[in-house]
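The structure appears right after this line, and notes come after that.
Protein chains: 2
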Amino acid sequence: MIFCVEDDRAARDLMVYAFQAAGYDAKGFSDGKAFFCALKEELPDLVMLDIMLPGEDGISILKRLRSSAVTMGIPVIMATAKGTEYDKVIGLDLGADDYLAKPFGMMEMVSRARAVLRRTKPGKGSNILKVGGLELDTGEHTVFADGERLDLTLKEYELLRLFMSSPGQVFTRDQLLQNVWGMDYIGETRTVDVHIGTLRFKLNAYGNCIQTVRGVGYRMEK
Amino acid sequence: MIFCVEDDRAARDLMVYAFQAAGYDAKGFSDGKAFFCALKEELPDLVMLDIMLPGEDGISILKRLRSSAVTMGIPVIMATAKGTEYDKVIGLDLGADDYLAKPFGMMEMVSRARAVLRRTKPGKGSNILKVGGLELDTGEHTVFADGERLDLTLKEYELLRLFMSSPGQVFTRDQLLQNVWGMDYIGETRTVDVHIGTLRFKLNAYGNCIQTVRGVGYRMEK
DNA sequence: CTGACTTTACATGAATTTTACAAAAACAAG
DNA sequence: CTTGTTTTTGTAAAATTCATGTAAAGTCAG
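Listed below in structure tokens is the structure:
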């Protein structure tokens, strides 16, 4: 599924049509509000994002996407009328996967999208993370440990997903809060520890794969 | 390039030096005026911003940075005296990327900066230090000596990281305290010696790579 | 009501700091 | 070159502080 965020109705319809013709599912949104609303229902494989938008602009939307663990991994292609270098730099800095300068042809757009999808989703649409005997399917929202299905709560699932997306990397509690909870917690909270605890408990048949790095945070064994 | 905005001269120099030792270009500025002046010439990859500043304060500077398209995407780490939670809230609301409570060690500062850079500018956050057969990964918080994993405590790890970031360089005990423990460590103790001792013990299979320079301090063999 | 999430409180064990003394090096004087 | 003295460093062990795991109670949304 590809989401297209573009305020101009004609352009938006054209894009959606072009993607559908190329065999992709696609939906169009006229602004950030509608887009984030739809995001709650379904996570797309790719987002086409116009920089110039009424209300919240594309840069801001991209930032919000990148700041939440759930949407962090979604590839984004930025599109803008302004050929200025600055927008390009900012977009790519924030983690846009590619950049299209208007006016662009539909063929070029589809081929760029295909390239990004090929890079980020080898196996076409299979978004399965594997670390050791752990397998997490982001499409199905399921987790298997040595083939056995685990029943995780949302926070546990997202924690695990974050860990599995960067095995070996240490995450501080602040980073975990920022990525999984999405907010900037003030003061101290043991919430993270508790969830790590329950996650470990459910994983305990599988093994001790979430390590604590004393004084720093937690890490998943590579 | 990293810009450090900090009014205290000693602290500022220390920060700039620490970044340079870690392989980053860095420049220091004592107030908002000098900082914005330099911004016209060059856009940094990261800004370290003290909240308490003479003239325009850090919050206001951050606001100005975020309000211009050119500087909007520059990541910012705020630094402030401990306990002023209110500032933290405001800073994070305005889009600071991270937050450091004074007093903080230079090692921690560099590692936070690296984390932010890794997130915003992949490629700028290369994070593996190698000296001889020693290998230290700052992202994973792991150390290998001749391929064998070492289990270090936080202080041992940060000491080693400091040494490895400037092999051959002699550090006085004061410098070690300043860098690893924090800017204003109070009282003189033998703490450093003890930690050097335990670090040496854990490294002893690898070799005597941390030498004492009698009357001065310690140094890592190049 | 139920399940998920958060907060609180406390036990535990690890990390860190302090202390004390031994060992090593530097130094001074004969 | 000795010898004794002083300074500096190494380190074992005790004392202290701190971070974490976790049970249990509280909160909240559906």
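Taken in order, these protein sequences are the chains called D and E.
For reference, each letter of the first sequence is one residue, going 1 to 222 in the working numbering.
For reference, each letter of the second sequence is one residue, going 1 to 222 in the working numbering.
In this text, a Cβ means the ideal position worked out from N, Cα and C, and glycines have one as well.
Review point. Among the residues of its own chain, which have a CB less than 6 Å from the CB of E:M249, if the five just before and after it don't count?
Key: Examination of residue 249 of chain E is not possible in this model, given that chain E is present from 1 through 222 alone.
Exercise for review: Could you tell me whether the stretch 36-46 of chain E touches the stretch 205-220 of chain D, using the rule of 3 or more Cβ pairs below 8 Å?
Suggested key: Taking 8 Å as the limit for Cβ pairs, the verdict is that the stretch 205-220 of chain D does not touch the stretch 36-46 of chain E.
Check your understanding: Should E:V213 and E:V143 be called a contact, given that it needs their Cβ atoms to be closer than 8 Å?
Key -> If you number the second sequence from 1, residue 213 of chain E lands on position 213. If you number the second sequence from 1, residue 143 of chain E lands on position 143. The answer is no: Cβ separation not under 8 Å.
Check your understanding: Any contact of the stretch 146-161 of chain D with the stretch 199-213 of chain D, i.e. 3+ C-beta pairs under 8 Å?
Key -> Touching, yes.
Practice item. Go ahead and pull the three-state DSSP assignment for E:D13. Key: Taking the second sequence and counting its residues from 1, the one referred to as residue 13 of chain E is at position 13. Three-state result, E:D13: helix.
**Study point:** Residue span of the alpha helix (DSSP H) that contains E:E158, given as start and end
**Key:** As a working note, residue 158 of chain E is residue 158 in the second sequence. It spans L154 to S165 - the alpha helix (DSSP H) in which E:E158 sits, taken as one unbroken run.
Check your understanding: What residue range is occupied by the uninterrupted alpha helix (DSSP H) comprising D:D193?
Key -> Translated into the one-based positions of the first sequence, residue 193 of chain D becomes position 193. T191 to L203 is the extent of the alpha helix (DSSP H) around D:D193.
Review point. Which stretch, first to last residue, makes up the alpha helix (DSSP H) that contains E:I77?
Key: Walking along the second sequence from the start, residue 77 of chain E turns up at place 77. Per DSSP, E:I77 belongs to no alpha helix (DSSP H); it is in the beta strand (DSSP E), V76 to A81.
Exercise for review: Round the Cβ separation of E:M164 and E:L129 to the nearest angstrom and send it over; I've been treating them as touching at under 8 Å.
Suggested key: Taking the second sequence and counting its residues from 1, one reaches residue 164 of chain E at position 164. Taking the second sequence and counting its residues from 1, one reaches residue 129 of chain E at position 129. The Cβ separation is near 4 Å, so the contact holds.
Practice item. Would you please verify whether the beta carbon of D:R223 is less than 8 Å from any beta carbon of chain E? Key: The structure shown does not extend to residue 223 of chain D, since chain D spans only 1 to 222, so no value can be given for it.
Practice item. Could you tell me the distance, in whole angstroms, from the CA atom of E:S126 to the CA atom of D:I51? Key: For the purposes of this step, residue 126 of chain E is taken as residue 126 along the second sequence, with counting starting at 1. For the purposes of this step, residue 51 of chain D is taken as residue 51 along the first sequence, with counting starting at 1. Annotation note: pLDDT 48 at E:S126 (below 50); position unreliable, no value reported.
Exercise for review: Could you tell me whether the stretch 4-13 of chain E touches the stretch 26-36 of chain E, using the rule of 3 or more Cβ pairs below 8 Å?
Suggested key: With the rule of 3 Cβ pairs closer than 8 Å, the stretch 4-13 of chain E counts as touching the stretch 26-36 of chain E.
Check your understanding: Can you check whether the CB of D:T138 is closer than 8 Å to the CB of D:R161?
Key -> Here the question's residue 161 of chain D lines up with position 161 in the first sequence. Here the question's residue 138 of chain D lines up with position 138 in the first sequence. The Cβ atoms of D:R161 and D:T138 sit closer than 8 Å to each other.
Exercise for review: Assign D:F35 to buried or exposed, taking buried as 16 or more other Cβ atoms, counted over all protein chains shown, within 10 Å of its Cβ.
Suggested key: Your numbering for residue 35 of chain D matches position 35 in the first sequence. D:F35 should be labelled buried.
Review point. Tell me, which residues are paired with D:T142 by DSSP?
Key: Taking the first residue of the first sequence as position 1, residue 142 of chain D is located at position 142. In the DSSP assignment, D:T142 is bridged to D:D137.
Check your understanding: What is the DSSP secondary structure of E:K222, counted as helix, strand or coil?
Key -> The residue labelled residue 222 of chain E in the question sits at position 222 within the second sequence. Taken through DSSP and simplified to helix, strand or coil, E:K222 comes out as coil.
Review point. Which runs of the beta strand (DSSP E) spanning at least 3 residues fall entirely within the stretch 13-71 of chain D, listed in chain order?
Key: Counting whole runs of 3 or more residues, the stretch 13-71 of chain D contains the beta strand (DSSP E) stretches 26-29 and 46-50.
Check your understanding: Going along chain D, which residues have a C-beta under 7 Å from E:E140?
Key -> Here residue 140 of chain E refers to the residue found at position 140 when the second sequence is read from its first residue. Under the 7 Å cutoff, chain D gives G168, Q169, V170 and R219.
Review point. List, in order along the chain, the chain D residues whose C-beta lies closer than 8 Å to that of E:L39?
Key: For the purposes of this step, residue 39 of chain E is identified with residue 39 of the second sequence, where counting begins at 1. Correct list: empty, because the minimum Cβ distance to chain D is about 13 Å.
Check your understanding: Closest by CA to D:V70, which one among D:D174, D:H141 and D:I210?
Key -> Here the question's residue 70 of chain D lines up with position 70 in the first sequence. Measuring from the Cα of D:V70, the nearest candidate turns out to be D:H141.
Check your understanding: Would DSSP call D:V116 helix, strand or coil?
Key -> Reading the first sequence from its first residue, position 116 is the one you call residue 116 of chain D. Three-state DSSP puts D:V116 in a helix.
Point to revise | E:A18, buried or exposed, once every other Cβ within 10 Å from all chains shown has been counted against 16 | key: The residue labelled residue 18 of chain E in the question sits at position 18 within the second sequence. When all chains shown are included, E:A18 counts as buried.
Point to revise | Spatial distance of E:D57 from E:M1 (CA atoms) | key: Stepping through the second sequence from its first residue, residue 57 of chain E is reached at position 57. Stepping through the second sequence from its first residue, residue 1 of chain E is reached at position 1. Each residue's alpha carbon lies about 22 Å from the other.
Check your understanding: Expressed to the nearest angstrom, what Euclidean distance is found between the alpha-carbon atoms of E:I210 and E:A115?
Key -> As a working note, residue 210 of chain E is residue 210 in the second sequence. As a working note, residue 115 of chain E is residue 115 in the second sequence. So the alpha carbons of these two residues sit roughly 27 Å apart.
Review point. Going straight from the alpha carbon of D:L100 to that of E:D97, what length do you get?
Key: One-based indexing of the first sequence puts residue 100 of chain D at position 100. One-based indexing of the second sequence puts residue 97 of chain E at position 97. Approximately 27 Å between the Cα atoms of the pair.
Review point. For the candidate residues E:L177, E:R118, E:D193 and E:F104, whose alpha-carbon lies nearest to that of D:S166?
Key: Residue numbering aside, residue 166 of chain D sits at position 166 when the first sequence is read from its first letter. Among E:L177, E:R118, E:D193 and E:F104, the Cα nearest to that of D:S166 is on E:R118.
**Study point:** Where the beta strand (DSSP E) through D:L227 begins and ends
**Key:** This structure cannot speak to residue 227 of chain D, because chain D is shown only from 1 to 222.
Check your understanding: What are the boundary residues of the beta strand (DSSP E) that includes E:L176?
Key -> One-based indexing of the second sequence puts residue 176 of chain E at position 176. Here E:L176 belongs to no beta strand (DSSP E); instead the alpha helix (DSSP H) covers R173 to L176.
Check your understanding: Going by the CB atoms, is the gap between E:A145 and E:L152 shorter than 8 Å?
Key -> As a working mapping, residue 152 of chain E is identified with position 152 in the second sequence. As a working mapping, residue 145 of chain E is identified with position 145 in the second sequence. Their beta carbons are not under 8 Å apart, which means E:L152 does not touch E:A145 by this criterion.
Review point. Is the beta carbon of D:L176 sitting closer than 8 Å to the one on D:V192?
Key: Taking the first sequence and counting its residues from 1, the one referred to as residue 176 of chain D is at position 176. Taking the first sequence and counting its residues from 1, the one referred to as residue 192 of chain D is at position 192. Cβ distance < 8 Å, so D:L176 and D:V192 count as in contact.
Check your understanding: From E:V194 to E:A79, what does the alpha carbon distance come to, in whole angstroms?
Key -> Residue mapping note: residue 194 of chain E aligns to position 194 of the second sequence, counting from 1. Residue mapping note: residue 79 of chain E aligns to position 79 of the second sequence, counting from 1. Just so you know, the alpha carbons of E:V194 and E:A79 end up roughly 30 Å apart.
Exercise for review: Assign E:Q178 to one of two classes, buried (16 or more other C-beta atoms within 10 Å of its C-beta) or exposed (fewer than that).
Suggested key: The residue you call residue 178 of chain E lines up with position 178 of the second sequence. When all chains shown are included, E:Q178 counts as buried.
Check your understanding: Using CA coordinates, which residue listed in D:M15, D:W181, D:S60 and D:G215 is at the minimum distance from D:G105?
Key -> By 1-based counting over the first sequence, the position of residue 105 of chain D is 105. Comparing Cα positions, the closest option is D:M15.
Practice item. Kindly say whether D:L215, judged by its beta-carbon, lies nearer than 8 Å to any beta-carbon of chain E. Key: On the first sequence, residue 215 of chain D is found 215 positions in, with the first residue counted as 1. Note that residue 215 of chain D corresponds to Gly in the displayed sequence, not to Leu. Among the CB atoms of chain E, one or more fall inside 8 Å of the CB of D:G215.
Practice item. Could you check what DSSP says for D:V216 in three-state terms: helix, strand or coil? Key: Position 216 of the first sequence holds residue 216 of chain D. Collapsing the DSSP output to three states places D:V216 in coil.
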